[in-house]
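Peer 1: So in the numbering used here, the last spot in the sequence shown is 533, and the numbers never skip.
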Amino acid sequence: MLFKDFIRICMRIGSTSSITEKKNIVATYLKELERSEWKPFILFLVGKPIPDSIEGGLGVGYSTIMKALKNPIKPLFPSNPLTLNDVFNELIKIAYIRGKDSSKRKFEALASLMGRMSREERIWLSKIILGELRIGLVDGHLLGALSNVLGLSLEDIRRAYLLRGDLGDVVDVALKGVEALRNIPPRLFSPIRPMLATPASSIAEAYNMIGGGEAAVEVKYDGARVQIHIKNGRVKIFSRRLTDVTYSLPDVVEIVRNGVSVDEAILEGEVVAYERGSGKPLPFQTLMKRFKRIYNIEEAMELIPLKIHLFEIIYLNGKLLIDTPYSDRYDLLVERVSEEFLANRIVTSNIREAESFYKRALDYGHEGVMVKRLNSPYILGVRGKHWIKVKSKETLDLVIVGAEWGHGRRSSWLSDYYLAVYDPNSGEYLVVGKTFKGLTDEEFQYMTKRLLELKVKDEGFRIWVKPEIVVEVDFNEIQKSPKYKSGLALRLARITRIREDKSPEEAATLEELYQLYERQFEKKGKVI
Ligand code: AMP
Numbered sequence: 006m007l008f009k010d011f012i013r014i015c016m017r018i019g020s021t022s023s024i025t026e027k028k029n030i031v032a033t034y035l036k037e038l039e040r041s042e043w044k045p046f047i048l049f050l051v052g053k054p055i056p057d058s059i060e061g062g063l064g065v066g067y068s069t070i071m072k073a074l075k076n077p078i079k080p081l082f083p084s085n086p087l088t089l090n091d092v093f094n095e096l097i098k099i100a101y102i103r104g105k106d107s108s109k110r111k112f113e114a115l116a117s118l119m120g121r122m123s124r125e126e127r128i129w130l131s132k133i134i135l136g137e138l139r140i141g142l143v144d145g146h147l148l149g150a151l152s153n154v155l156g157l158s159l160e161d162i163r164r165a166y167l168l169r170g171d172l173g174d175v176v177d178v179a180l181k182g183v184e185a186l187r188n189i190p191p192r193l194f195s196p197i198r199p200m201l202a203t204p205a206s207s208i209a210e211a212y213n214m215i216g217g218g219e220a221a222v223e224v225k226y227d228g229a230r231v232q233i234h235i236k237n238g239r240v241k242i243f244s245r246r247l248t249d250v251t252y253s254l255p256d257v258v259e260i261v262r263n264g265v266s267v268d269e270a271i272l273e274g275e276v277v278a279y280e281r282g283s284g285k286p287l288p289f290q291t292l293m294k295r296f297k298r299i300y301n302i303e304e305a306m307e308l309i310p311l312k313i314h315l316f317e318i319i320y321l322n323g324k325l326l327i328d329t330p331y332s333d334r335y336d337l338l339v340e341r342v343s344e345e346f347l348a349n350r351i352v353t354s355n356i357r358e359a360e361s362f363y364k365r366a367l368d369y370g371h372e373g374v375m376v377k378r379l380n381s382p383y384i385l386g387v388r389g390k391h392w393i394k395v396k397s398k399e400t401l402d403l404v405i406v407g408a409e410w411g412h413g414r415r416s417s418w419l420s421d422y423y424l425a426v427y428d429p430n431s432g433e434y435l436v437v438g439k440t441f442k443g444l445t446d447e448e449f450q451y452m453t454k455r456l457l458e459l460k461v462k463d464e465g466f467r468i469w470v471k472p473e474i475v476v477e478v479d480f481n482e483i484q485k486s487p488k489y490k491s492g493l494a495l496r497l498a499r500i501t502r503i504r505e506d507k508s509p510e511e512a513a514t515l516e517e518l519y520q521l522y523e524r525q526f527e528k529k530g531k532v533i
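The following block contains the structure:
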């Protein structure tokens, strides 16, 4: 398929608002395409220029793209029109340009690729690279189309997707057929999508949500989640965003080597920074410094000591444990891990007892508790009714999609932020409020730099950015709002922290915000 024909398809998909029709168009073309073209076709449709599994991504920002758009490098001889695969292969080459002068070389490669394109093709390529295709397709829709066209069960395809975490990989495996798909093993040292929790406002509500009876109540540590892959003494640690943080955490690697006795496993836990002496948990932002540190790690280890609290085992000696009930998984964990490295917990059906455990956790400076259903499977990448989080204050994780330049003292900072919820049905991020409150001067500076790197549109007083940065937001109330497309607005929103450990798809969803909106009226009256 020629890249210019792909653009026509994007236009057709973008011109209908019906998800079914969008998926039908995708399915029709998938059937016509050579199988070798499926991968770029599918990835480009969801605005991914290269597979997610390529470390570091494409590595070209807004300004490089704009520069290449304006100054394409024309080839010496006229070339044939570009196919989808031509474009895909060139982009992969650009992603692998590393080391000395890489920015310059990446620019030259991109400008040369654009030099072989028409103006229209250049613009569409920029949209793909910026993740700005806006034709209303997300990974989930493509998994559905794959399942349709290949006659494979959606459940099998979804599971493979969550285990591998990469859409391109799923295309490869799905094309090999049902056997390959069902037996897809997790790849040790390549992270899988973690199970997520649903919030509740009290212990009693949490017990209610899991259906009552006995449950494990674990301390909810205010740290960063890690996924640890181990094979015969080799250890790799991934952050919740599935990036490799092994290099920054040699002390945690050491703990795992000494405190865990397994040959092959995938474990999960929370890493927390504690103050030397008092042993009290240190703020999340301090912990994040350890995660980002790549120089002077010894010094950082001394200043910010870490502990690990393990709570899951997902894979053990060749066996995937996601369908094993949680209580059995926990037994396997306990047998192999020294007690000091496990999350603190009780198992009880007595709500009073659970409440007093919750209170003690808060008194100690922890964030709250997790109430976990004992017979639950490990559900990859989903916020279900098996893990319920109870915290003292309800906050929302929202995504920054735009920002305005400040005034007066803040005029050199992007300091007023547009906050959005995620809509998994359309893949859109919908604005629900704005805030300039909550960050320190140092954080404003940092945010300004990050946001400029993510810029996709410049309107002078305001920029729009790729939805990438997640922030935790405190608010006073949720109101109906005709101003925003989402229909809702937060009153008195205030950023409580930057959640660099969370990915934008993990932010609060539109549906959750509507549920929260309704829940407010359980406590106060409603004027319709
Ligand atoms: P939240 O980040 O508020 O959605 O809450 C879920 C997160 O709590 C998980 O992703 C973990 O990082 C963290 N967490 C802390 N303690 C535990 C625990 N005992 N079990 C599971 N998750 C925990």
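Beta carbons: idealized from backbone N, C-alpha and C, even for Gly.
Values in this document were obtained by computation on a predicted structure and should not be read as measured data.
1. What first and last residue would you give for the alpha helix (DSSP H) that runs through W129?
2. CA-CA distance, I533 and E523?
3. Report yes if the CB atom of E219 is closer than 7 Å to the CB atom of L337, and no otherwise.
4. Who are the Cβ neighbours of P77 in its own chain at under 6 Å, not counting the five residues just before and after it?
5. Under the assumption that M6 contacts L38 (Cβ atoms under 8 Å), give the Cβ distance between them as a whole number of angstroms.
6. Starting from Q232, follow its DSSP beta bridges and name the residues at the other end.
7. Exposed or buried, what is T440 when buried is set at 16 or more other beta-carbons lying within 10 Å of its beta-carbon?
8. So L515 and D428 are supposed to be a Cβ contact under 8 Å. How far apart are they, rounded?
9. For S152, name the three-state secondary structure that DSSP assigns.
10. Compare the Cα-Cα distances from R365 to each of K396, I384, E344 and report the closest residue.
11. Pull up the distance between the alpha-carbon of Q525 and that of A498, whole angstroms please.
12. Where does V352 fall in DSSP's three states?
13. In three-state DSSP terms, what is A498?
14. Give every residue of the same chain whose Cβ lies closer than 8 Å to the Cβ of N141, excluding the five residues on either side of it in the sequence, and list them in chain order.
15. Where in the region 348 to 399 do unbroken runs of the alpha helix (DSSP H), each at least 4 residues long, occur, reported from the N-terminal end onward?
16. Could you check how far apart the C-beta atoms of S381 and Y320 are, in whole angstroms? I think they sit under 8 Å.
17. Cutting at 8 Å between CB atoms, please list the residues of its own chain near T203, excluding the five before and the five after it.
18. Using 8 Å for Cβ pairs, my map puts V478 next to T501. What's the rounded Cβ distance?
19. Under the DSSP definition of a beta bridge, which residues are partnered with R467?
20. My guess is that E273 and P190 are in contact by the Cβ rule of under 8 Å, so how many angstroms apart are they, rounded?
21. Taking only the alpha-carbon atoms, compute the straight-line gap between K44 and V176 and give it to the nearest angstrom.
22. Out of V475, E511, V461, V276, state which residue places its alpha-carbon closest to the alpha-carbon of L135.
23. Below 8 Å, can you find three or more Cβ-Cβ pairs linking the region 305 to 312 to the region 256 to 272?
24. In or out: D227 buried (at least 16 other Cβ within 10 Å) or exposed?
25. CB I59 to CB A100, shorter than 7 Å?
26. In angstroms, rounded to a whole number, what distance separates the CA positions of L48 and L456?
27. Does the beta-carbon distance from L148 to R164 come in below 7 Å?
28. Spatial neighbours of G411 within its chain, please: CB distance less than 6 Å, with the 5 preceding and 5 following residues excluded, ordered by chain position.
29. When burial is assigned at 16 or more other CB atoms within 10 Å of the CB, is Y300 buried or exposed?
30. Say the cut is 6 Å; is the CB of K312 nearer than that to a heavy atom of ligand 1?
31. Please check the pair R504 and D402, which I expect to be a contact at CB under 8 Å, by giving their CB distance rounded to whole angstroms.
32. Can you give me the C-alpha to C-alpha distance between V352 and A221, rounded to a whole angstrom?
33. Taking DSSP's pairing of strands, which residues face E516 in a bridge?
34. To the nearest whole angstrom, what separates the beta carbons of A229 and D506, a pair I think is in contact under 8 Å?
35. Just how far apart, CA to CA, sit S361 and S244?
36. Just mark E125 as buried or exposed, buried being the case when its beta carbon has 16 or more other beta carbons within 10 Å.
Peer 2: According to the structure shown:
1. 124 to 135
2. At I533, the pLDDT of 48 sits below 50, so the modelled position is not reliable and the matter cannot be decided from this model.
3. no
4. A116, M119, G120
5. 6 Å
6. F243, E273
7. buried
8. 5 Å
9. helix
10. Of the candidates K396, I384, E344, the one whose C-alpha sits nearest the C-alpha of R365 is K396.
11. About 16 Å.
12. strand
13. coil
14. One detail in the question is off: residue 141 reads as Gly in this sequence, not Asn. Cβ within range, chain order: I18, G19, S22, I24, K27, S431, G432, E433.
15. 356 to 368
16. Incorrect: roughly 17 Å between the Cβ atoms, too far for contact.
17. M214, R388, G389, K390, W392, I393, K394
18. 7 Å
19. R467 is bridged by DSSP to E409.
20. About 18 Å; that fails the 8 Å criterion.
21. Cα to Cα, the separation comes out at about 6 Å.
22. V461
23. yes
24. Buried: at least 16 other Cβ atoms inside 10 Å.
25. yes
26. 25 Å
27. no
28. Here G411 has W418, S420 as same chain residues with Cβ atoms under 6 Å from its own Cβ, once five neighbours each way along the sequence are excluded.
29. exposed
30. no
31. 6 Å
32. The alpha-carbon atoms of V352 and A221 are separated by roughly 4 Å.
33. DSSP lists no partner for E516.
34. About 5 Å separates the beta carbons of A229 and D506, which is inside the 8 Å limit, making them a contact pair.
35. 31 Å
36. exposed
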